[in-house]
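**Student:** Numbering (our numbering), first residue to last: 1305 to 1525.
All C-beta atoms in this analysis are idealised placements derived from N, C-alpha and C, irrespective of residue type, glycine included.
It should be emphasised that the depicted structure is a prediction, and the values quoted were computed from it without experimental measurement.
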């Protein structure tokens, strides 16, 4: 497996199935901004609600050839093995990316367990061998990587804007970023030590730094 991050905003993704597994797939796709089509005669109440709100397209029918045409991603999440296999074969024949629930051998991509802190995403994959192990590792990471890492990422995005706009070589930029990422910076953010952060940024970037300390203060608050 080759790990990548896909931009699926406004891209059609099809989920065949209407149960709890399908719901989890749909929720993840919506969070990423995809256009979602669900193909199933029946769906759980949460999917019915999403359809009623116009957030997903629900085709209230059994799966048929053509239902996945034009889809970037295809998910088979039914409790019928024949349907699962049919979706798998047709998606593979179309050259589409397909994920079949509980059948790793029929998947040409896996959805990793993810920890999200704002725009920070940490993905864990066992290549379909053990979702339970992925969940265990994610639990450990959740305890280690708290909301302070979202603040840190936002800070470094502002720092990068200023540094890139300056007349610095690539090697100089790397040194600046490494200096900013002081070993105590995460703890300063966690404890709300804005004054220490401000002094640190001014030491590295200069007293006239354009990084918005007030905005950083709001993030920490």
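With DSSP run on the structure shown, which of helix, strand or coil describes residue 1361?
**Tutor:** Residue 1361: strand per DSSP, three-state reduction.
**Student:** In the DSSP assignment, what residue or residues form a beta bridge with residue 1379?
**Tutor:** Note: residue 1379 sits in a beta bridge opposite 1319 and 1403.
**Student:** With DSSP collapsed to three states, give me the class of residue 1507.
**Tutor:** Note: residue 1507 maps to helix in three-state DSSP.
**Student:** Going by Cα to Cα distance, which pick from 1470, 1469 and 1493 is closest to residue 1450?
**Tutor:** Checking every option, the nearest Cα to that of residue 1450 belongs to 1493.
**Student:** So if DSSP puts residue 1418 in a beta bridge, which residue, or which two residues, is it bridged to?
**Tutor:** DSSP, once it has assigned bridges, lists 1427 as partnering residue 1418.
**Student:** DSSP three-state label for residue 1339, please.
**Tutor:** Strand, per DSSP.
**Student:** Residue 1387 lies in the alpha helix (DSSP H); which residues open and close that run?
**Tutor:** 1385 to 1398 is the extent of the alpha helix (DSSP H) around residue 1387.
**Student:** Residue 1329: which of 1402, 1481, 1471 and 1441 sits nearest, CA to CA?
**Tutor:** Nearest option by C-alpha distance: 1402.
**Student:** Leaving out five residues on either side along the sequence, give the residues of the same chain with a beta carbon under 8 angstroms from the beta carbon of residue 1468.
**Tutor:** Excluding residues within five positions, the ones whose Cβ falls inside 8 angstroms are 1477.
**Student:** State the CB to CB distance for the pair residue 1472 and residue 1486, rounded to an integer number of angstroms; the pair is presumed to be in contact (CB under 8 angstroms).
**Tutor:** With a Cβ gap of about 19 angstroms, residue 1472 and residue 1486 do not count as contacting.
**Student:** Could you check if residue 1489 is buried or exposed, using at least 16 other CB atoms within 10 Å of its CB as the buried criterion?
**Tutor:** The residue in question, residue 1489, is buried, as its Cβ has 16 or more Cβ neighbours within 10 Å.
**Student:** Quick one: any contact between the region 1390 to 1404 and the region 1434 to 1443, if contact means 3 or more CB pairs under 8 angstroms?
**Tutor:** The answer is no - the region 1434 to 1443 does not touch the region 1390 to 1404, with fewer than three Cβ pairs under 8 angstroms.
**Student:** Quick one: grab the DSSP three-state call for residue 1367.
**Tutor:** In the structure shown, residue 1367 sits in coil (DSSP, three-state: anything other than H, G, I, E or B).
**Student:** Would DSSP call residue 1350 helix, strand or coil?
**Tutor:** Reduced to three states, the DSSP call for residue 1350 is helix.
**Student:** Would you kindly work out how many angstroms separate the C-alpha atoms of residue 1496 and residue 1461, rounded to a whole number?
**Tutor:** Spanning the two alpha carbons is a distance of roughly 19 angstroms.
**Student:** Per DSSP, what kind of secondary structure is residue 1502 in: helix, strand or coil?
**Tutor:** Three-state DSSP puts residue 1502 in a helix.
**Student:** With 16 other CB atoms within 10 Å as the buried threshold, where does residue 1452 fall?
**Tutor:** Classification of residue 1452: buried, given that the 10 Å Cβ count is 16 or more.
**Student:** Could you tell me whether the Cβ atoms of residue 1320 and residue 1348 are closer together than 8 angstroms?
**Tutor:** It is not a contact, given that the beta carbons lie outside the stated cut-off.
**Student:** For residue 1369 versus residue 1331, is the C-beta distance shorter than 8 angstroms?
**Tutor:** Not in contact: residue 1369 and residue 1331 (Cβ atoms no closer than 8 angstroms).
**Student:** Alpha carbon to alpha carbon, how far is residue 1423 from residue 1455?
**Tutor:** Looking at the two C-alpha atoms, the distance is approximately 10 angstroms.
**Student:** What is the C-beta distance between residue 1466 and residue 1513, in whole angstroms, given that I count them as a contact (C-beta under 8 angstroms)?
**Tutor:** Rounded, the Cβ-Cβ distance is 7 angstroms, consistent with contact.
**Student:** Compute the Euclidean distance between the alpha carbons of residue 1382 and residue 1391, then round it to the nearest angstrom.
**Tutor:** About 10 angstroms.
**Student:** In its own chain, which residues sit with a C-beta less than 7 angstroms from the C-beta of residue 1419, not counting the 5 before and 5 after it?
**Tutor:** Excluding sequence neighbours, residue 1419 sits near 1426, 1442, 1445, 1446 and 1449.
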